[in-house]
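Peer 1: The sequence shown begins at 130 in our numbering and counts up one residue at a time.
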Amino acid sequence: MSEDRIQLWFAFCFVGSFCAYSWYWYIRSLIFYLRNGFDFSKDFGPKLHRSEFPDHDQDWATPRQKFLIDWPFWVLTTSFLLLGIVLALTGVLKPCIDCAL
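Below you can see the structure in the form of structure tokens.
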């Protein structure tokens with residue numbers, strides 16, 4: 130196995146774990162809010178920061194922001210990254226290492 134394949138496998142495991150985590154919490158929050166009639170007054174799931182200053186308590190994302198913006202963003206981002214890695218591992222995309230422009 131070549132060096133670029135090993136790096137792709139490490140990237141696959143790393144990004145795949147974040148992708149699974151994002152999907153898990155988004156599906157769990159969807160089920161939770163469906164059962165509660167989309168009552169966003171109750172917080173569910175891990176806390177997410179909304180700014181680059183994590184020392185302030187008011188910088189946590191609200192439940193509505195997490196459900197409608199944050200989790201879909203992370204689900205889509207990690208899914209597309211994982212798709213690119215899988216396509217590179219299967220040979221559909223050719224990874225270019227030290228390519229001259």
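Every residue gets a Cβ at the ideal spot worked out from N, C-alpha and C, and that includes glycine.
This one's a predicted model, so the numbers in the text were calculated from it and none came from an experiment.
Answer with buried or exposed for S146, where buried requires no fewer than 16 other C-beta atoms within 10 angstroms of its C-beta.
Peer 2: Position 17 of the sequence shown, counting from 1, holds the residue named residue 146. By the 10 Å Cβ count, S146 comes out exposed.
Peer 1: For G192, count neighbouring Cβ atoms within 10 angstroms of its own Cβ and tell me buried if that reaches 16, exposed if not.
Peer 2: In the sequence shown, counting from the first residue as 1, residue 192 sits at position 63. It is worth fixing the name first, because residue 192 is Pro in this sequence and not Gly. Buried, since its Cβ has 16 or more Cβ neighbours within 10 Å.
Peer 1: Which whole-angstrom value describes the C-beta separation of I214 and L137, a residue pair presumed to lie in contact below a C-beta threshold of 8 Å?
Peer 2: Position 85 of the sequence shown, counted from the start, is the residue given in the question as residue 214. Position 8 of the sequence shown, counted from the start, is the residue given in the question as residue 137. With 8 Å as the limit, I214 and L137 qualify as a contact, their Cβ atoms being about 6 Å apart.
Peer 1: By the 10 Å Cβ neighbour count, where 16 or more other Cβ atoms means buried, how is K223 classified, buried or exposed?
Peer 2: The residue labelled residue 223 in the question sits at position 94 within the sequence shown. The residue in question, K223, is exposed, as its Cβ has fewer than 16 Cβ neighbours within 10 Å.
Peer 1: Measure the C-alpha to C-alpha separation of K171 and Y162 and round it to an integer number of angstroms.
Peer 2: As a position in the sequence shown, residue 171 is number 42, starting the count at 1. As a position in the sequence shown, residue 162 is number 33, starting the count at 1. When rounded, the distance between both Cα atoms is 9 Å.
Peer 1: Between the beta-carbon of C148 and the beta-carbon of L211, is there less than 7 Å?
Peer 2: Against the sequence shown, residue 148 aligns to sequence position 19. Against the sequence shown, residue 211 aligns to sequence position 82. Yes, the Cβ-Cβ distance between C148 and L211 is below 7 Å.
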